[in-house]
Amino acid sequence: MKVSAINHVLCASCSLGFFAVSPEGESLKEQVTYCLDNLTKYLAANHLPHTACIRQTYFVRAQSNEEVRQIQTFITDFSFKKLGMWVPLSIVPQPPLGTSSQLVAEYACITDATQIEQKTAGNTAYLKISSPAGTYLSAAGLNKYLPVSNILEQSIDAFEQMNLILKAEDFTFGDIVRQWNYIERIIDFTDNSQHYQIFNDVRSNFYGSSTFPHGYPAATGIGMSFYGIILEFLAFKPAGEVQIIPIQSPVQTNAHQYSPQVLSSNQYTHISCIRSTPKFERAKAVIGPDGGILFVSGTAAIKGELSASQYDAAMQTRLTLQNIDNLISHDNLERNGIQRCYKAKPLLMRVYVKNPEDIRAIKSIVDEYAIHVPILYLQADICRPELLVEIEGVFQLYP
Numbered sequence: 015m016k017v018s019a020i021n022h023v024l025c026a027s028c029s030l031g032f033f034a035v036s037p038e039g040e041s042l043k044e045q046v047t048y049c050l051d052n053l054t055k056y057l058a059a060n061h062l063p064h065t066a067c068i069r070q071t072y073f074v075r076a077q078s079n080e081e082v083r084q085i086q087t088f089i090t091d092f093s094f095k096k097l098g099m100w101v102p103l104s105i106v107p108q109p110p111l112g113t114s115s116q117l118v119a120e121y122a123c124i125t126d127a128t129q130i131e132q133k134t135a136g137n138t139a140y141l142k143i144s145s146p147a148g149t150y151l152s153a154a155g156l157n158k159y160l161p162v163s164n165i166l167e168q169s170i171d172a173f174e175q176m177n178l179i180l181k182a183e184d185f186t187f188g189d190i191v192r193q194w195n196y197i198e199r200i201i202d203f204t205d206n207s208q209h210y211q212i213f214n215d216v217r218s219n220f221y222g223s224s225t226f227p228h229g230y231p232a233a234t235g236i237g238m239s240f241y242g243i244i245l246e247f248l249a250f251k252p253a254g255e256v257q258i259i260p261i262q263s264p265v266q267t268n269a270h271q272y273s274p275q276v277l278s279s280n281q282y283t284h285i286s287c288i289r290s291t292p293k294f295e296r297a298k299a300v301i302g303p304d305g306g307i308l309f310v311s312g313t314a315a316i317k318g319e320l321s322a323s324q325y326d327a328a329m330q331t332r333l334t335l336q337n338i339d340n341l342i343s344h345d346n347l348e349r350n351g352i353q354r355c356y357k358a359k360p361l362l363m364r365v366y367v368k369n370p371e372d373i374r375a376i377k378s379i380v381d382e383y384a385i386h387v388p389i390l391y392l393q394a395d396i397c398r399p400e401l402l403v404e405i406e407g408v409f410q411l412y413p
């Protein structure tokens with residue numbers, strides 16, 4: 015697993031850093047220590063305080079909801095002692111591939127914050143970050159723990175937590191630039207209702223209270239082994255010349271405009287939005303006069319709105335990367351209103367793999383595509399049964 019590189023991107027007048035670690039060590043404590051030691055070394059090397067870390071996500075091997083909760087309790091306490099502060103945290107039961115470690119980690123940092131505040135809305139903690147480019151909200155681990163998962167109940171609760179945070183800061187769902195949606199057994203059914211479709215219908219209900227002048231968030235909706243629903247998000251209100259621009263794909267239908275043909279079933283008829291489309295953009299740019307950042311949503315082997323016809327991991331990986339290349343191309347960025355920044359350079363990628371036996375074929379293709387880029391390979395079901403791989407990324411935009 016190629017994760018040793020560290021990259022950061024200048025995003026207009028703010029600087030965001032993205033850092034991934036595949037740890038050494040036998041025990042959970044040794045592996046978490048390794049991750050946090052590398053994080054603190056990165057911060058020190060860049061003359062940053064521990065408060066510069068604004069999100070931590072650990073992808074773990076776990077066998078039950080209770081085990082995930084135990085890991086979360088341990089890492090929450092341990093990272094607080096190690097960093098001397100609380101940082102938004104998600105523990106996602108997606109087994110890392112290409113390593114024997116129990117977990118891998120990804121961190122997000124900011125390097126020019128003028129103020130970072132830990133705040134609480136209801137019982138949910140989050141960070142408010144002020145910078146010359148604007149104001150960020152960072153939240154992770156939005157989840158209602160249940161011994162036995164209930165996708166409908168946990169989806170509603172997670173979005174209620176998100177809504178409380180946004181309202182507390184006079185933000186709306188329209189201010190979210192990047193959202194991660196982790197959904198237990200995403201393509202499975204409960205009472206004739208598909209988990210992903212339940213989630214999409216709940217999301218549409220909550221999003222219905224907001225307007226989206228900058229488009230929907232860039233987002234990933236991906237499976238996980240346990241734990242119901244987990245949400246993470248980064249919201250942003252720009253200042254000065256910083257802009258937020260949604261990016262449409264020239265080869266894929268907007269997900270929020272899918273036809274009923276590609277949606278699944280939901281029998282929970284008391285949800286007002288039945289068979290809703292997935293509400294996300296293919297990518298979202300945060301950009302200023304000197305460059306910016308491009309959040310590429312989870313991307314799979316879909317042309318138009320239809321999945322690739324071949325059940326072949328290598329073929330689907332190549333098609334997925336072609337879709338990303340089309341999305342981030344100079345012509346497409348210009349078509350979507352980005353006039354001054356013409357190139358997109360990958361800084362960090364996640365690759366979600368349905369079948370572990372496909373990792374060698376997928377990894378050889380992606381590693382060649384993104385040389386010297388930190389890449390996390392994770393086992394997870396994709397949002398359609400026929401899809402074998404999904405790829406997301408953070409890209410730097412520069413003239």
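If you're matching positions, the sequence shown starts at 15 in this note's numbering and goes up one per residue.
All C-beta atoms in this analysis are idealised placements derived from N, C-alpha and C, irrespective of residue type, glycine included.
Check your understanding: How big is the Cα-Cα spacing for residue 191 and residue 237?
Key -> For residue 191 and residue 237, the distance between alpha carbons rounds to 21 Å.
Point to revise | Cβ-based burial, residue 283 [other Cβ within 10 Å; buried from 16] | key: Low local confidence applies: a pLDDT of 47 at residue 283 is under 50, so the model's placement there is unreliable, with the coordinate-based value given in what follows. Label assigned to residue 283: exposed.
Check your understanding: Measuring CB to CB, does residue 241 end up less than 8 Å from residue 198?
Key -> Taking 8 Å as the cut-off, the Cβ atoms of residue 241 and residue 198 count as close.
Exercise for review: Quick one: measure Cβ to Cβ for residue 347 and residue 388, integer angstroms, because I've assumed they're closer than 8 Å.
Suggested key: About 23 Å; that fails the 8 Å criterion.
Exercise for review: Have a look at residue 378 and residue 371 and give me their C-alpha separation to the nearest angstrom.
Suggested key: Their Cα atoms are separated by approximately 13 Å.
Exercise for review: Would you decide whether residue 58 is buried or exposed? Buried here means 16 or more other CB atoms lie within 10 Å of its CB.
Suggested key: Classification of residue 58: exposed, given that the 10 Å Cβ count is below 16.
**Study point:** Residue environment, residue 300, which counts as buried when at least 16 other CB atoms sit within 10 Å
**Key:** Here residue 300 is buried: its Cβ has 16 or more other Cβ atoms, across all protein chains shown, within 10 Å.
**Study point:** residue 187 vs residue 220 beta-carbon contact at 8 Å
**Key:** With a cutoff of 8 Å on beta-carbon distance, residue 187 and residue 220 are scored as near each other.
**Study point:** Candidates 119, 253, 50, 79, of which the one nearest residue 144 by Cα
**Key:** Ranked by how close their Cα comes to the Cα of residue 144, the residues 119, 253, 50, 79 have 253 in first place.
Point to revise | The beta strand (DSSP E) enclosing residue 389, as first and last residue numbers | key: Per DSSP, residue 389 belongs to the beta strand (DSSP E) from 389–393.
Check your understanding: Is the closest heavy atom of the ligand HEM to the C-beta of residue 159 under 7 Å?
Key -> Because no ligand of any kind appears in the structure shown, any question about the ligand HEM cannot be addressed here.
Exercise for review: Put residue 356 into one of helix, strand or coil per three-state DSSP.
Suggested key: It is coil, neither helix nor strand.
Exercise for review: Using alpha carbons as the reference points, say which of 163, 318, 229 lies closest to residue 200.
Suggested key: Residue 163 is the option with its Cα nearest to residue 200.
Practice item. Spell out the partners DSSP gives residue 67 in its beta bridges. Key: Looking at the DSSP output, residue 67 bridges to 123.
Practice item. Give me the Cβ distance between residue 307 and residue 403, rounded to the nearest whole Å; I'm assuming they're in contact under 8 Å. Key: Taking 8 Å as the upper bound for CB-CB distance, residue 307 and residue 403 are not in contact here, some 24 Å apart.
Point to revise | Nearest candidate by alpha-carbon position, reference residue 135, set 184, 344, 35 | key: Relative to the Cα of residue 135, the nearest Cα in the group 184, 344, 35 belongs to 184.
Check your understanding: Less than 8 Å separating the beta-carbons of residue 195 and residue 151?
Key -> Taking a C-beta distance under 8 Å as the contact criterion, residue 195 and residue 151 do not qualify as a contact pair.
**Study point:** Proximity to residue 457 [Cα-Cα], best of 147, 53, 142
**Key:** The first residue shown for the chain is 15 and the last is 413, placing residue 457 beyond what the model contains.
Practice item. Mark residue 29 as exposed unless 16 or more other C-beta atoms lie within 10 angstroms of its C-beta, in which case mark it buried. Key: Residue 29 should be labelled buried.
Review point. The beta strand (DSSP E) with residue 257 in it runs from where to where?
Key: Run containing residue 257: 257–261, per the beta strand (DSSP E) assignment.
Review point. Thinking C-alpha only, which one of 381, 54, 324, 384 is nearest residue 399?
Key: Here the closest residue by C-alpha is 324.
Review point. Grouping DSSP H, G and I as helix and E and B as strand, with all else coil, what is residue 404?
Key: Residue 404: strand per DSSP, three-state reduction.
Practice item. Look up residue 72 in the DSSP assignment and say whether it is helix, strand or coil. Key: Shown here, residue 72 sits in a strand according to DSSP, grouped into three states.
Exercise for review: Grab the span of the alpha helix (DSSP H) containing residue 56 for me, first residue to last.
Suggested key: For residue 56, the enclosing alpha helix (DSSP H) begins and ends at 42–59.
Check your understanding: Secondary structure at residue 243, three-state DSSP: helix, strand or coil?
Key -> In this structure, residue 243 counts as strand in the three-state DSSP scheme.
Check your understanding: When DSSP labels each residue in this structure, what does residue 252 get in the three-state scheme?
Key -> Judged by DSSP in its simplified three-state form, residue 252 adopts strand.
Point to revise | Contacts around residue 15, its chain only, beta-carbon distance under 8 Å, and the 5 residues preceding and following it disregarded | key: With a pLDDT of 47 at residue 15, under the threshold of 50, the modelled position of that residue is not reliable, and the figure given next carries that caveat. Excluding residues within five positions, the ones whose Cβ falls inside 8 Å are 36, 110, 111, 112, 113, 118, 389, 390, 391.
Point to revise | Through-space distance from residue 85 to residue 139, alpha-carbon basis | key: Their Cα atoms are separated by approximately 19 Å.
Review point. Which one of 178, 382, 335 has the shortest CA to CA distance from residue 137?
Key: Out of 178, 382, 335, 178 has the C-alpha closest to the C-alpha of residue 137.
Review point. Using CA coordinates, which residue listed in 189, 92, 266 is at the minimum distance from residue 316?
Key: Considering only alpha carbons, the answer is 266.
Practice item. May I ask you to report which of helix, strand or coil DSSP gives residue 399? Key: For residue 399, the three-state secondary structure derived from DSSP is coil.
Review point. How far does the beta strand (DSSP E) with residue 6 in it reach, from first residue to last?
Key: Coverage of the chain is limited to positions 15 through 413, which leaves residue 6 absent and any answer about it impossible.
Check your understanding: Of the choices 181, 410, 39, whose alpha-carbon is the least far from that of residue 304?
Key -> When each option's Cα is compared against that of residue 304, the closest is 410.
Review point. Thinking C-beta only, is residue 351 closer than 8 Å to residue 235?
Key: Taking 8 Å as the cut-off, the beta carbon of residue 235 is found no closer than this to the beta carbon of residue 351.
Review point. What do you get for residue 247, buried or exposed, if any count of 16 or more other CB atoms within 10 angstroms of its CB means buried?
Key: So residue 247 ends up on the buried side.
Exercise for review: Please classify residue 329: does DSSP put it in a helix, a strand, or coil?
Suggested key: Residue state, collapsed to three classes: helix.
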